[in-house]
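Okay, structure first, notes after.
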Amino acid sequence: MSVHSQPVPGGNELHQLLENYHRHPSQEIKTRIVTYYSDLVDNIAFRFASGKELKEDLYQVGMIGLLSAIDRFDPSLGKNFESFAIPTIIGEIKRHIRDKTWSVHVPRRIKELGPKIKRAVEDLTTELGHSPRIEEIASYLNLSEEVVLEAMEMGKSYQALSVDSAIEADGEGGTITLLDLIGQKEEGYEIVDKQLLLSKAFKVLTQREKEIIYLTFFENLSQKQAGDRLGISQMHVSRLQRRALEKLKSAIKVKSSE
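The numbering of the sequence shown is numbering that gives the first Met the number 0, which starts it at 0 and goes up by one.
Put into structure tokens, the structure is as follows:
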């Protein structure tokens with residue numbers, strides 16, 4: 000969300016702007032207030048972002064929270080606008096992170112546990128002088144060790160790796176991608192299976208039927224050419240071919256169901 004270039008108001012003027020806006024709402028006044036607090040939103044977004052792209056998204060979300068705060072703020076209560084706006088902006092950003100930025104679907108309770116565990120680790124590290132163990136984190140949060148482990152493992156699903164992500168393949172700096180490690184369907188196995196199935200089915204054919212199938216399907220001869228090769232009529236070839244194909248179809252159906 001962009002804001003128009005407007006003179007930045009001072010503290011007293013800002014308070015007056017908020018009062019004027021709620022008495023007589025106008026886009027011009029709202030834009031001046033938004034301009035004044037755009038740096039605040041940017042700083043909050045920076046605190047929660049893990050990269051430039053996410054920061055830009057969170058800035059947009061934070062601006063939505065700011066607009067909501069401006070509309071909901073009541074100057075007549077005598078409260079400071081910042082103390083009202085900041086929790087609103089942070090709440091909007093946290094909801095967005097919780098609901099929109101996970102690459103893999105994770106239960107809401109696990110998402111909400113993540114920040115609590117992070118704070119617990121920071122507090123316990125300061126208190127204990129070392130990285131806390133799972134049982135210490137669980138005790139601190141009054142949770143079971145299984146729940147803490149689940150939340151920490153699920154937290155790794157926050158951002159999925161691309162199949163094009165490079166990983167080190169050897170000690171000399173050579174790299175491969177995750178895609179190189181993913182198994183692919185080997186079509187050769189399917190061809191072998193079909194050939195084995197067909198060879199078993201061929202046993203149901205007479206010698207002449209096998210010859211007809213071989214000449215017309217493997218040598219790609221026409222029925223007339225096959226008949227000339229075998230010394231029989233084209234009509235006879237056609238009849239033998241049709242009967243052979245019906246026998247093969249029935250045999251393959253039986254073999255496939257075994």
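C-beta: ideal position from N, C-alpha, C; glycine also.
Just measuring C-alpha positions, the residue of Leu13, Ser130, Lys209 and Asn42 sitting nearest Gln59 is Asn42. Met151 and Gly113 have their alpha carbons spaced roughly 7 Å apart. Assignment of Thr205 by DSSP, reduced to helix, strand and coil, places it in the coil class. Across the set Gln224, Lys209 and Lys93, the C-alpha of Lys209 shows the shortest separation from the C-alpha of Leu244. Judged by DSSP secondary structure, Lys29 falls within the alpha helix (DSSP H) whose first and last residues are Gln26 to Phe47. Lys246 sits away from Leu220, with the two beta carbons spaced by 8 Å or more. Put simply, of Phe216, Ile251, Thr34 and Asp73 the residue whose alpha carbon is nearest the alpha carbon of Gln240 is Phe216.
Straight across, the Cα-Cα distance linking Lys199 with Lys252 is about 12 Å. The three-state reading of DSSP puts Asp73 in coil, since its state is none of H, G, I, E or B.
Annotation for Ile136: the continuous alpha helix (DSSP H) segment containing it runs Ile133 to Leu140. Taken through DSSP and simplified to helix, strand or coil, Leu220 comes out as coil.
Here DSSP, grouped into helix, strand and coil, assigns Lys78 to coil.
Between Phe80 and Leu39, the CB-CB gap reaches or exceeds 8 Å. The Cβ-Cβ distance between Glu91 and Gly64 falls below 8 Å. The beta carbon of Ile69 sits closer than 8 Å to those of Leu17, Tyr20, Lys29, Ile32, Val33 and Ala84, all from its chain and outside the five residues before and after it, given in chain order. In the structure shown, the three-state DSSP call for His95 is helix. For Pro24, there are no CB contacts under 6 Å within the same chain when 5 residues up- and downstream are skipped. Proximity to Leu66 across Ile89, Phe47 and Ser75 peaks at Ile89, based on C-alpha coordinates. Taken through DSSP and simplified to helix, strand or coil, His23 comes out as coil.
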